[in-house]
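Engineer: The following block contains the structure, expressed as structure tokens.
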DNA sequence: GTCCAGGGCCTAC
DNA sequence: GTAGGCCATGGA
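In the working numbering, the protein residues as written are 5 to 239.
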């Protein structure tokens, strides 16, 4: 039993679905469409997903701009590059040695297994694609889900640090929840909907940027029972 | 000068 | 299986 409403699995799922939809609608009403992912091609989404790992987007964007200036926003372009050159170009994104290697590893994987055809790789069913991404060194669950959702347009919910912070601080989830369990928390309750998943994740990040960064946070954040002038939801 | 950002890997227990 | 250290730049 939770909230004295219904103890059945189906009931809990319905309850959770209603909560999630209400959160989504309030965020959408507050912020509107976020137009994510900020990239022109699936390959650029993938580069961005790797370059943004534990990094402010602005820094990742600077690295992408460097690649763009050199005409390197393509698999073929990057494959002709040596490691040191790529490191120099992605330097603004931080962790640049790791990230250069991760990008190279990804490109090698597509070259070897798909003859350089990214479309063929992305065209797989969702689960096999996700699992294959997770076998590539440097691509963890969040990066994989970002690629699946925003580059392959398949409904895999993206969980990030803001999702965890916002939802745990509201006590909607247990703060010790694992990545996969938190992803399931969304995907079990919500219909599989690419556009909605894209928008939901983007809105969560927007909310996190404004109200839920590590430190200043939650005096002003939804935990107080209000959010940007809106009455917010309580668990 | 200090803290933080749209993670992931490796090692030690 | 999980806590802790490490990777690194740029902005507040």
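Even glycine gets a Cβ: it sits at the ideal position worked out from N, Cα and C.
1) When DSSP labels each residue in this structure, what does residue 113 get in the three-state scheme?
2) Measure the alpha-carbon distance for residue 9 versus residue 52 and round it to whole angstroms.
3) Along the chain, where does the alpha helix (DSSP H) that runs through residue 46 open and close?
4) Can you give me the start and stop residues for the alpha helix (DSSP H) that residue 14 sits inside?
5) What is the DSSP secondary structure of residue 43, counted as helix, strand or coil?
6) Please state whether the Cβ-Cβ distance between residue 134 and residue 152 is less than 8 Å.
7) What do you get for residue 73, buried or exposed, if any count of 16 or more other CB atoms within 10 angstroms of its CB means buried?
8) Whole angstroms is fine: what's the gap from residue 18's alpha carbon to residue 193's?
9) So residue 120 and residue 90 are supposed to be a Cβ contact under 8 Å. How far apart are they, rounded?
10) Using alpha carbons as the reference points, say which of 182, 201, 20 and 109 lies closest to residue 50.
11) Compute the Euclidean distance between the alpha carbons of residue 144 and residue 162, then round it to the nearest angstrom.
12) Report the residue from 22, 85 and 58 whose alpha carbon sits nearest the alpha carbon of residue 217.
13) For residue 182, is the classification buried or exposed, using 16 other Cβ atoms within 10 angstroms of its Cβ as the cut-off for buried?
14) Do three or more CB pairs link the region 83-103 to the region 123-138 at distances below 8 Å?
15) CA-CA distance, residue 21 and residue 156?
16) Tell me, to the nearest whole angstrom, how far the beta carbon of residue 209 is from that of residue 149; I am working on the premise that it is less than 8 Å.
17) Is the beta carbon of residue 246 less than 8 Å from the beta carbon of residue 40?
18) When you compare only the Cα positions, how much space is there between residue 111 and residue 159?
Structural biologist: In short, the structure shows the following:
1) Position 109 of the first chain, counted from the start, is the residue given in the question as residue 113. Residue state, collapsed to three classes: helix.
2) Here the question's residue 9 lines up with position 5 in the first chain. Here the question's residue 52 lines up with position 48 in the first chain. In this prediction, residue 9 has a pLDDT of 43, which is less than 50 and means its spatial position is unreliable; what the coordinates show is noted afterwards. Cα to Cα, the separation comes out at about 43 Å.
3) Locating residue 46 in the first chain gives position 42, where the first residue counts as 1. If you look at residue 46, you'll find it in the alpha helix (DSSP H) that goes 46-55.
4) As a working note, residue 14 is residue 10 in the first chain. Unbroken alpha helix (DSSP H) run through residue 14: 13-35.
5) Within the first chain, residue 43 is the residue found at index 39, counting from 1. For residue 43, the secondary structure class from DSSP, reduced to helix, strand or coil, is coil.
6) Position 130 of the first chain holds residue 134. Position 148 of the first chain holds residue 152. Here residue 134 is near residue 152, since their CB atoms are less than 8 Å apart.
7) Here residue 73 is taken as the residue at index 69 of the first chain, counted from 1. Residue 73 should be labelled exposed.
8) By 1-based counting over the first chain, the position of residue 18 is 14. By 1-based counting over the first chain, the position of residue 193 is 189. Just so you know, the alpha carbons of residue 18 and residue 193 end up roughly 7 Å apart.
9) Your numbering for residue 120 matches position 116 in the first chain. Your numbering for residue 90 matches position 86 in the first chain. That pair is no contact at about 17 Å.
10) Within the first chain, residue 50 is the residue found at index 46, counting from 1. Put simply, of 182, 201, 20 and 109 the residue whose alpha carbon is nearest the alpha carbon of residue 50 is 109.
11) Residue numbering aside, residue 144 sits at position 140 when the first chain is read from its first letter. Residue numbering aside, residue 162 sits at position 158 when the first chain is read from its first letter. Computed Cα separation, rounded: 12 Å.
12) By 1-based counting over the first chain, the position of residue 217 is 213. Residue 58 is the option with its Cα nearest to residue 217.
13) The residue labelled residue 182 in the question sits at position 178 within the first chain. When all chains shown are included, residue 182 counts as exposed.
14) With a cut-off of 8 Å, the region 123-138 and the region 83-103 do not count as touching, because too few Cβ pairs lie within range.
15) Stepping through the first chain from its first residue, residue 21 is reached at position 17. Stepping through the first chain from its first residue, residue 156 is reached at position 152. In a straight line, the C-alpha of residue 21 is about 25 Å away from that of residue 156.
16) In the first chain, residue 209 corresponds to position 205, counting from 1. In the first chain, residue 149 corresponds to position 145, counting from 1. About 13 Å separates the Cβ atoms of residue 209 and residue 149, ruling out a contact at the 8 Å cut-off.
17) Nothing can be reported for residue 246: it is not among the residues displayed for the chain, which extend from 5 to 239.
18) By one-based count along the first chain, residue 111 stands at place 107. By one-based count along the first chain, residue 159 stands at place 155. If I take the Cα positions, the gap works out to 24 Å.
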